[in-house]
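>
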Amino acid sequence: MNMKSKIERNPKDLGEVLLCTLDDLIPGSGVCALCEGRQVALFWLPELDPAVYAIGNYDPMGGANVLSRGIVGDIGGEVVVASPLYKHHYSLRDGHCLEEDSVFVPVYEVRVSDGAVYCKVPG
Amino acid sequence: MNEKLSVNAKDKKTIDVLVVGNGMVGHYYADKLAGLGGPFRVTVLGAETRPAYDRVHLSELFAGKKPEDLALTSAEEYEAKGIEAHFGEAAVSIDREAQIVTTSKNRKFRYDKLVLATGSYPFVPPIPGADHQACLVYRTIDDLGRIRAEAQFARKAVVIGGGLLGLECANALRNLGLDTHVVEFGPGIMGVQLDARGSQFLQRMIEELGVHVHTSKATQKIVPGRDTRLSLQFADKTSLDTDLVVFSAGIRPEDTLAREAGLEIGPRGGIVIDYHCRTSDSNIYAIGECAVFGGMVYGLVAPGYRMADAAVSQLTENKIPFQGADMSTKLKLLGVEVGSIGDAHGKTEGSVCYQYANEKKCIYKRINVSADGKKLLGAVLVGDTSDYDMLLQYALNGLELPEDPETLILPDTGNKPTLSSDALPLSATLCSCHNVTKGAVVTAMDEGALSLGEIKKCTKASTGCGGCAALLKSVVDAELAKRGVAVNNHICEHFAYSRQELFHICKVERIRTFPELLHRYGKGLGCDICKPAVGSILASLWNEYVLKTEHVGLQDTNDTFLANMQKDGTYSVVPRIAGGEITPDKLAVIARVAKKYDLYTKLTGGQRIDMFGARLHQLPAIWKELVEAGFETGHAYGKALRTVKSCVGSTWCRYGVQDSVGMAILLENRYKGLRSPHKLKSAVSGCTRECAEAQSKDFGVIATERGWNLYVCGNGGMRPRHADLFATDLDDETLIRYIDRFLMFYIRTADRLQRTSVWLENLEGGLDYLKSVIIDDKLGICAELEAQMEAVVGTYQCEWKTTIEDPERLKRFRQFVNAQDEDPQVVFVRERGQIRPAREEEKTVSEAGV
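Protein chains in written order, with the numbering used here: chain A, 1336 to 1458; chain B, 961 to 1810.
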């Protein structure tokens, strides 16, 4: 599937948008997609189930849209991405910052179906 | 301080504490008391119009700092802490009976407890002519303002007084560009802290910096000069012309207020206090330089803080006494390291003295040892204070000295005794900035803080000047070992191996991917510590393209996108300019590209050109143009060889003895792309004048008449280290062979993110061992090291060239996988003719908008 800049509504579920294809993702790493004007960082960890995670691309500690360009891994059992700016770790499951308890990034619901990646539009 | 103070609970009514004086000590007291909470209402009166500031670093005002940089607090901060503060309002009288203080604005403040922290004033000797407009003192920010104003009319300046403060002042005057002289009454400068020889060493060093020193000079009068504003007339009939005089001949306690209120005053001035810091009136305390304890005025800030600690504690249940303070000190005067501990002059009866003097390196060290040779009484250090912390521990804790005490101050030849942290008593102060004892660290560990980071956080140890970091670590390691917690060098939670062990595993087992290594030797998914480290190991061993699908997830963003991420998420681009040599045509290419993409350009310290502000999606187009014009990646983003700087060498320079540019280009091209535990920097100088600064590099080369001298393990930056001379008069071939071996040995054995300087310091056996491995092939691995380097050199590829030729790889260089938009939060404004990232308030686009 070749994606252009248009975002299509998935007819099956009006609460979701089709973001991109699995081919656009990079195993063991992240990319960024636009979802209704929001920057969403998408991570593909093929060894996990679920394998695709989506959080906000904005690093609130570093103050720039960079989280999709961080290294993914796990710290104490938590699946995380390390921001490339100042290496803060954010949970891919609930968005909390491991170094700063009160800081969170948004988490988005994603689903992979037939090689396509869908994201639930936040309310 | 980490003590817990509890407030007397039975008296719940408000206690009014009035603090007179807002210098460093008065501020420390008010801040600490307010921080306790409790029933205290703290009011502060400051005679100066400014809130408390750092007087110790006053001279930096002439070296570019602004008064606000020295501020210790602000009116707002006091307000937030519930402290009522009045600045520019001095206390003028105390009615002790009514417990009321009247101020210069004729206002009255009632107190339950009064704390006098009025400080001191500079002593101006009664010399005729000392009242001239161009005769000033050095104590406050306002004094510096006056000095600066008078300095406009001055070319030459004299400081009267060669003590600690006088030399600080001389530094300030020198920073103003004045021809600076120091006049000292005694036979040597810093006579209190240094012995005669140490004083001579210091004098020689500061004279080399252009400050003239005149000792044994008693100034009798100050008269107008013939060609200068003033002339100092000395008792020995000589004279010294000057335009400006600053007195720094000692301090006197500011005790007028206390004197007039009838408090007991010492015979030579100063408010007499007991070990509770209480004056002769039990409701009045005195702290800092206005106080005299046991007949002594403490003119340093640290004892003042200890007095404040004691005085604060008197208002709580947990009273601590002030029992005098150690006057040992370590500082930098005009850039010269000076240290003085305890009995510096060896006045104790029967004391035995050991000295080390090196006139070439300008280093002087002396220790004074008790008659039985067991205890350290005092020390003097000039030019090198690296032994200070260790010596201070010996002196303060009465630790038994090694059999040959002189080994403590002799140059380290590998046999230097190290102070076992086990030998330190719990009362030993590890961190003098925050007064943290070994006991406090052990307590913190008992309470569960086991990592160095946690211990620093809860005790504040090693968060001031950081000078005690090594000592703290050894104490923590020893404590951990005692508790049976193995001190491990595991790289992270995913691998129970050090970097060196992982390197060995990958090499021996011929492991080529991260998943394979993780599967066989690790657990979990990996993290941002182990992934880049393993990525680097694999690159050093097999030198595959770093963006191969199986390696891409291992790389830091800089390696992933082959550029350096900046604070706003954009990247900078640095093409390789080997040896710093570039043709006009290539300069024009850089200019064209930078202009076309509107990039901010700046010259780097490594003799190349950095272009900032490239957006992710622009990187391939920028590099396509650069590669087509013959440029290669500069690896500025990688833990890899950065640059080999050079001076112009024998080709052009009148003094050059070898072609340093040619050698630099050869070396840079040989090692470019070499992945290593940390970045690598190098330089080649064409003669002994060393214009390329090779001795501050990981490997540096200096030309000689007969070939090349090789230096290793130098560093600039945060932790400078002078490189060690490794081998002399090498021919080209031998030079390269040694560097090949040296670099590969480092890559094999260093820890993650360990520069060569730290690596060498941690290498057992040090430089001699390194020489035996690299030169004498003691381990029999040199052939292998060379073969490995040959393999890396032979498989070099420019990563950017590979990347722009591969459409699959280029897919990564998109801001969004599903849109062509740019990141709306990347906003530039123009400054000095170029772009720079907009500050938050300058951004007009909102966070969510696209």
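Glycine included, each C-beta is placed from N, C-alpha and C at the ideal position.
Taking the alpha carbon of B:Asp1781 as the reference point, which residue from A:His1431, A:Leu1357, A:Leu1369 has its own alpha carbon closest?
What you label residue 1781 of chain B is simply residue 821 of the second sequence in a count that begins at 1. Comparing Cα positions, the closest option is A:Leu1369.
> Enumerate in chain order the residues of its own chain whose CB-to-CB distance from B:Thr1308 is below 6 Å, with the five nearest sequence positions on each side excluded.
For the purposes of this step, residue 1308 of chain B is taken as the residue at position 348 of the second sequence. Leu1337, listed in sequence order.
> Would you mind stating whether B:Ala1339 and B:Ile1301 have Cβ atoms separated by less than 8 Å?
Counted from its first residue, the second sequence places residue 1339 of chain B at position 379. Counted from its first residue, the second sequence places residue 1301 of chain B at position 341. Yes, they are a contact pair.
> Looking at B:Leu1127: is its Cβ nearer than 8 Å to the Cβ of B:Met1150?
Indexing the second sequence from 1 puts residue 1127 of chain B at position 167. Indexing the second sequence from 1 puts residue 1150 of chain B at position 190. It is a contact, given that the beta carbons lie within the stated cut-off.
> If the cut-off is 7 Å on Cβ atoms, which residues from the region 1350-1361 of chain A count as contacting chain B, listed in chain order?
Cβ contacts with chain B: Leu1354, Cys1355, Asp1359, Ile1361.
> With DSSP run on the structure shown, which of helix, strand or coil describes B:Gly1006?
Numbered from its first residue, the second sequence carries residue 1006 of chain B at position 46. It is a strand residue.
> Spatial neighbours of A:Met1396 within its chain, please: CB distance less than 8 Å, with the 5 preceding and 5 following residues excluded, ordered by chain position.
Sequence index remark: in the first sequence, residue 1396 of chain A carries index 61 (1-based). Excluding residues within five positions, the ones whose Cβ falls inside 8 Å are Ser1418, Leu1420, Tyr1421, His1423, Cys1432, Glu1434, Glu1435, Val1438.
> For chain B, is any of its Cβ atoms less than 8 Å away from the one on A:Ala1368?
Within the first sequence, the letter at position 33 stands for residue 1368 of chain A. For A:Ala1368, the answer is yes, since a Cβ of chain B falls inside 8 Å of its Cβ.
> What residue range is occupied by the uninterrupted beta strand (DSSP E) comprising B:Phe1207?
As a first step, residue 1207 of chain B must be located in the second sequence, where it is residue number 247. That run of the beta strand (DSSP E) goes 1204-1207.
> Just mark B:Asp1724 as buried or exposed, buried being the case when its beta carbon has 16 or more other beta carbons within 10 Å.
To locate residue 1724 of chain B, count along the second sequence from 1; it is residue 764. According to the sequence provided, residue 1724 of chain B is Glu. The question's Asp does not apply to it. By the 10 Å Cβ count, B:Glu1724 comes out exposed.
> Check the Cβ-Cβ distances between B:Cys1418 and every residue of chain A, and say whether any is below 8 Å.
For this step, residue 1418 of chain B is matched to residue 458 along the second sequence. Not closer than 8 Å to any Cβ of chain A, the Cβ of B:Cys1418 fails to qualify, so no.
> Hey, would you say B:Ser1191 sits closer than 8 Å to B:Asp1203, going by beta carbons?
Your numbering for residue 1191 of chain B matches position 231 in the second sequence. Your numbering for residue 1203 of chain B matches position 243 in the second sequence. No. Outside cutoff.
> Could you tell me which of B:Pro1767, B:Arg1614, B:Met1165, B:Ala1246 sits nearest to B:Lys1508, measuring between CA atoms?
By 1-based counting over the second sequence, the position of residue 1508 of chain B is 548. Here the closest residue by C-alpha is B:Pro1767.
> Whole angstroms are fine: how far does the CA of B:Arg1134 sit from the CA of B:Leu1096?
What you label residue 1096 of chain B is simply residue 136 of the second sequence in a count that begins at 1. What you label residue 1134 of chain B is simply residue 174 of the second sequence in a count that begins at 1. Going from the Cα of B:Leu1096 to the Cα of B:Arg1134 covers about 16 Å.
> Name, going along the chain, the residues of the region 1474-1491 of chain B whose beta-carbon falls closer than 7 Å to a beta-carbon of chain A.
Listed by position, the residues of the region 1474-1491 of chain B near chain A (Cβ gap below 7 Å) are Gly1484, Leu1485, Gly1486, Cys1487, Asp1488, Lys1491.
> When you compare the CB of A:Ala1417 with every CB in chain B, is at least one pair closer than 8 Å?
Along the first sequence, read from residue 1 onward, the residue named residue 1417 of chain A stands at position 82. Yes - at least one Cβ of chain B is within 8 Å of the one on A:Ala1417.
> Should A:Gly1430 be flagged as near chain B, meaning a C-beta pair shorter than 8 Å?
Residue numbering aside, residue 1430 of chain A sits at position 95 when the first sequence is read from its first letter. Chain B, which has no Cβ nearer than 8 Å to the Cβ of A:Gly1430, makes this no.
> Do you know offhand how far B:Ala1045's Cα is from B:Phe1572's?
By one-based count along the second sequence, residue 1045 of chain B stands at place 85. By one-based count along the second sequence, residue 1572 of chain B stands at place 612. C-alpha separation (whole angstroms): 47 Å.
> Just by C-beta distance, which residues in the region 1760-1783 of chain B are closer than 9 Å to chain A?
Those residues of the region 1760-1783 of chain B that come within reach of chain A (Cβ to Cβ, closer than 9 Å) are Lys1771, Arg1772, Arg1774, Gln1775, Phe1776, Val1777, Asn1778, Ala1779, Gln1780, Asp1781, Asp1783.
> Roughly how many whole angstroms lie between the Cα atoms of B:Ala1710 and B:Phe1659?
In the second sequence, counting from the first residue as 1, residue 1710 of chain B sits at position 750. In the second sequence, counting from the first residue as 1, residue 1659 of chain B sits at position 699. Whole-angstrom Cα-Cα distance: 15 Å.
> What in chain A is Cβ-close to B:Asp1519, meaning under 7 Å?
Here residue 1519 of chain B refers to the residue found at position 559 when the second sequence is read from its first residue. Per Cβ cutoff of 7 Å: no residues; B:Asp1519 is ~10 Å from chain A at best.
> When the cut-off is 8 Å and only beta carbons count, does B:Met915 lie next to chain A?
Residue numbering for chain B in the displayed model covers 961 to 1810; residue 915 of chain B lies beyond these limits and cannot be assessed.
> When you compare the CB of B:Gln1785 with every CB in chain A, is at least one pair closer than 8 Å?
Position 825 of the second sequence, counting from 1, holds the residue named residue 1785 of chain B. B:Gln1785 counts as touching chain A.
> Is it right to say B:Ala1304 is buried, meaning 16 or more other beta carbons lie within 10 angstroms of its own, or is it exposed?
Stepping through the second sequence from its first residue, residue 1304 of chain B is reached at position 344. Under this definition B:Ala1304 is a buried residue.
> Which residue or residues does DSSP assign as beta-bridge partners of B:Val1142?
Taking the first residue of the second sequence as position 1, residue 1142 of chain B is located at position 182. DSSP output for B:Val1142 lists B:Val1119, B:Val1173 as bridge partner(s).
> Mapping the DSSP letters down to three states, classify B:Glu1782 as helix, strand or coil.
Locating residue 1782 of chain B in the second sequence gives position 822, where the first residue counts as 1. Here B:Glu1782 sits in coil by DSSP.
> Residues in its own chain within less than 8 Å of B:Val1272 by CB, not counting five upstream and five downstream?
Here residue 1272 of chain B refers to the residue found at position 312 of the second sequence. So the qualifying residues of the chain are Leu965, Tyr989, Lys992, Leu993, Leu996.
> Output, in sequence order along the chain, the residues in the region 1491-1519 of chain B whose CB is closer than 9 Å to any CB in chain A.
Against chain A - using a Cβ distance shorter than 9 Å - the residues of the region 1491-1519 of chain B are Lys1491, Pro1492, Thr1509, Glu1510, Val1512, Gly1513, Leu1514, Gln1515, Asp1516, Thr1517, Asn1518.
> Taking 8 Å as the CB-CB cut-off, is A:Asp1390 touching chain B?
For this step, residue 1390 of chain A is matched to residue 55 along the first sequence. The sequence given here places Ile at residue 1390 of chain A; Asp does not occur at that position. No - not a single Cβ of chain B is within 8 Å of the one on A:Ile1390.
> DSSP three-state call for B:Gly1254: helix, strand or coil?
Locating residue 1254 of chain B in the second sequence gives position 294, counting from the first residue. Of the three classes helix, strand and coil, the one that applies to B:Gly1254 here is coil, per DSSP.
> Compare the C-alpha of B:Val1252 against each of B:Glu1224, B:Ser1242, B:Asn1243 and name the closest.
Here residue 1252 of chain B refers to the residue found at position 292 when the second sequence is read from its first residue. Comparing Cα-Cα distances from B:Val1252 to each of B:Glu1224, B:Ser1242, B:Asn1243, the minimum goes to B:Glu1224.
> Within 10 angstroms of its Cβ, does B:Asp1516 collect 16 or more other Cβ (buried), or is it exposed?
Walking along the second sequence from the start, residue 1516 of chain B turns up at place 556. Looking at its Cβ environment, which holds 16 or more other Cβ atoms inside 10 Å, B:Asp1516 is buried.
> Could you check whether the Cβ of A:Lys1455 sits closer than 8 Å to any Cβ belonging to chain B?
The residue labelled residue 1455 of chain A in the question sits at position 120 within the first sequence. No, A:Lys1455 lies away from the interface with chain B (no Cβ there is under 8 Å from its Cβ).
> Put B:Val1805 into one of helix, strand or coil per three-state DSSP.
In the second sequence, counting from the first residue as 1, residue 1805 of chain B sits at position 845. With a pLDDT of only 47 at B:Val1805, under 50, the local geometry of the prediction cannot be trusted, and the value read off the model is given with reservation. B:Val1805 falls in the coil class under three-state DSSP.
> Could you tell me whether any Cβ in chain A is nearer than 8 Å to the Cβ of B:Gly1230?
Counting from one through the second sequence, the residue named residue 1230 of chain B turns up at place 270. Taking Cβ atoms only, chain A never reaches closer than 8 Å to B:Gly1230, which makes this a no.
> Tell me which residues of the region 1385-1409 of chain A have at least one Cβ-Cβ distance to chain B shorter than 8 Å, keeping chain order.
Taking 8 Å as the Cβ-Cβ cut-off against chain B, the residues of the region 1385-1409 of chain A that qualify are Tyr1393, Gly1397, Gly1398, Ala1399, Asn1400, Val1401, Arg1404, Gly1405, Ile1406, Val1407, Gly1408, Asp1409.
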